[in-house]
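Position 30 of the sequence shown, counting from 1, maps to 268 under my numbering, and the rest follow consecutively.
Backbone N, C-alpha and C define an ideal beta-carbon position, used for all residues, glycine too.
In what follows, a single structure is set out as structure tokens and then discussed.
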Amino acid sequence: MFEQISTTYTGQDATLEIVIMLSVAFALGFLCRYFIGRSQQHQLLDELEKSETVQSELRRSALRLDRKLRFVEEKLAQIHAEQKEQSEIPDERTLHILKSSL
């Protein structure tokens with residue numbers, strides 16, 4: 239009724255099985271490494287874009303602060319020049335004292 243099937247397991251069969259398992263494991267490892275690398279690459283690119291955004295915002299902020307600093311320096315120079323002009327013009331009390339001393 240049933241045909242007689244050989245159930246012997248030879249060394250060649252074991253070697254072939256080991257080679258097939260190792261090649262499948264290598265292929266799966268390679269694919270896993272590839273996909274993990276791709277996901278890490280995307281994460282790194284996202285972080286790089288975020289850091290570039292932060293750096294550009296910091297540059298803009300530094301430029302704004304630099305403009306404000308220049309504006310304040312110009313105002314201070316203007317105020318200093320006005321004070322110097324006012325100190326050169328004698329005030330009324332000084333003129334009164336000088337006139338009374340003559």
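DSSP places T332 inside the alpha helix (DSSP H), whose first and last residues are 330 to 339.
Look at T253 here: in three-state DSSP terms it is helix.
Rounded to the nearest whole angstrom, the C-alpha separation of H334 and V310 is 37 Å.
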